[in-house]
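Basically the working numbering = 1-based index in the sequence shown + 679.
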Amino acid sequence: GEQVTAEPTQGAVTTGSITSVDFAKGTATFSGTVTKTGNPEYTERGFAYGTTPEPTINDNKVICEGNGASSFTCNVTGISAEKLYVRAFVTNVTGTVYGEVVSVSPSAPTVSTGNISNVDFTQGTATFTGSITNTGNPHYSERGFVYGTMSYPTIYDNKIVCSGTGVGTFTSTATGLPSEKIYMRAYATNSTGTVYGSNVNVEPTKPSISTTAISAIDVENNSVTFTGTITNAGNPHYIEKGFVYNTSDSKTPPTINDY
């Protein structure tokens with residue numbers, strides 16, 4: 680009769696999601712689904728992965744137990760803290776076929792800058808506040824505040840490292856601050872780099888004073904009493920208080936350059 684042929688067929692597999700990723704611990708869970716077992720049925724299934732696109736079984740691979748057309752998962756350890764590429768695969772006598780490439784990357788933490796409080800320019804102290812709303816993946820390795828007299832300070836300026844982990848508010852007392860406008864940002868660092876919160880500032884304030892009255896005028900003795908009221912000591916605290924005066928008919932108010 681006529682000649683009829685048959686040959687082995689390949690299997691087929693799809694790559695699922697990458698879950699439970701912890702770049703700090705180097706662990707993740709890969710998932711995939713065998714949609715065709717091939718003929719003969721595949722002898723091996725699993726995942727190829729690495730830090731370059733389209734990884735193969737000649738790179739890193741993990742073999743997953745099981746057979747038939749079904750979904751499967753594998754827990755993987757030892758991944759590095761950089762972008763990871765994954766493909767599911769099945770192998771039979773025809774060779775190895777792969778699913779689509781799925782990737783996952785480390786993520787930066789999220790940090791916000793709070794306020795600057797308890798400012799004392801006289802003592803050179805203040806309290807800085809910040810907040811971590813996302814620890815990043817891998818978890819941030821350092822958090823704190825950067826500050827200086829120029830806008831948008833970085834970790835290469837003045838910085839305060841704050842202990843602690845996880846999300847939430849953190850504070851620190853800064854010392855040795857100059858008596859001029861100060862800029863501050865909260866920051867957090869992981870393997871992706873350093874991220875900063877918004878730029879906030881605080882600056883010295885002038886004291887407030889009002890002149891109340893001239894009284895007890897004694898022409899014969901050339902004496903008079905001046906009265907004033909300080910309503911705000913300023914920050915830093917005023918270093919001198921008193922009165923200025925002159926006897927000119929000029930409409931220009933007297934200054935410390937007069938008497």
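Where is the CB? At the ideal position from N, CA and C, for every residue including glycine.
CA nearest to the CA of residue i, picked from the options
{"i": "residue 745", "options": "736, 755, 820, 723", "result": "723"}
{"i": "residue 828", "options": "866, 847, 879", "result": "879"}
{"i": "residue 908", "options": "914, 891, 922, 919", "result": "891"}
{"i": "residue 867", "options": "898, 799, 834, 886", "result": "834"}
{"i": "residue 885", "options": "863, 915, 900, 872", "result": "915"}
{"i": "residue 698", "options": "747, 691, 727, 782", "result": "782"}
{"i": "residue 910", "options": "920, 739, 895", "result": "920"}
{"i": "residue 712", "options": "694, 704, 690, 789", "result": "694"}
{"i": "residue 846", "options": "875, 836, 861, 813", "result": "813"}
{"i": "residue 789", "options": "800, 799, 811, 869", "result": "811"}
{"i": "residue 881", "options": "873, 895, 862", "result": "862"}
{"i": "residue 850", "options": "869, 751, 795", "result": "795"}
{"i": "residue 883", "options": "763, 766, 799, 719", "result": "799"}
{"i": "residue 715", "options": "728, 685, 686, 748", "result": "748"}
{"i": "residue 726", "options": "904, 801, 779", "result": "779"}
{"i": "residue 823", "options": "832, 840, 836", "result": "840"}
{"i": "residue 710", "options": "691, 689, 750", "result": "750"}
{"i": "residue 888", "options": "686, 873, 831, 923", "result": "923"}
{"i": "residue 940", "options": "702, 706, 707, 720", "result": "The requested residue 940 is not part of the displayed model; the chain covers only 680 to 938."}
{"i": "residue 875", "options": "743, 793, 776, 934", "result": "793"}
Extent of the continuous beta strand (DSSP E) to which residue i belongs
{"i": "residue 715", "result": "706-715"}
{"i": "residue 805", "result": "804-813"}
{"i": "residue 654", "result": "Any answer about residue 654 is impossible in this case: the structure gives the chain only from 680 up to 938."}
{"i": "residue 798", "result": "789-799"}
Beta bridge counterpart(s) of residue i as assigned by DSSP
{"i": "residue 763", "result": "783"}
{"i": "residue 892", "result": "906"}
{"i": "residue 824", "result": "839, 865"}
{"i": "residue 816", "result": "786"}
{"i": "residue 777", "result": "768"}
{"i": "residue 697", "result": "709"}
{"i": "residue 914", "result": "884"}
{"i": "residue 691", "result": "715"}
{"i": "residue 897", "result": "902"}
In the segment 847-888, which residue ranges form an unbroken beta strand (DSSP E) of at least 3 residues, counting only runs that do not cross its ends? Every unbroken stretch of the beta strand (DSSP E) spanning 3 or more residues and falling wholly within the segment 847-888 is given here in chain order: 847-853, 861-869, 872-875, 879-881.
Meets three-Cβ-pair contact criterion under 8 Å: the segment 815-827 and the segment 726-739: With the cut-off at 8 Å, the segment 815-827 and the segment 726-739 do not touch.
Please go through the segment 718-768 and give each complete beta strand (DSSP E) segment of 3 or more residues, from N-terminal end onward. Listed in chain order, they are 723-729, 739-742, 750-756.
Hey, is the segment 763-772 in contact with the segment 844-859, meaning 3+ C-beta pairs nearer than 8 Å? They do not touch, by the three-pair rule.
State whether the segment 796-814 contacts the segment 747-760, with contact taken as three or more CB pairs (one from each stretch) at a distance under 8 Å. Taking 8 Å as the limit for Cβ pairs, the verdict is that the segment 747-760 does not touch the segment 796-814.
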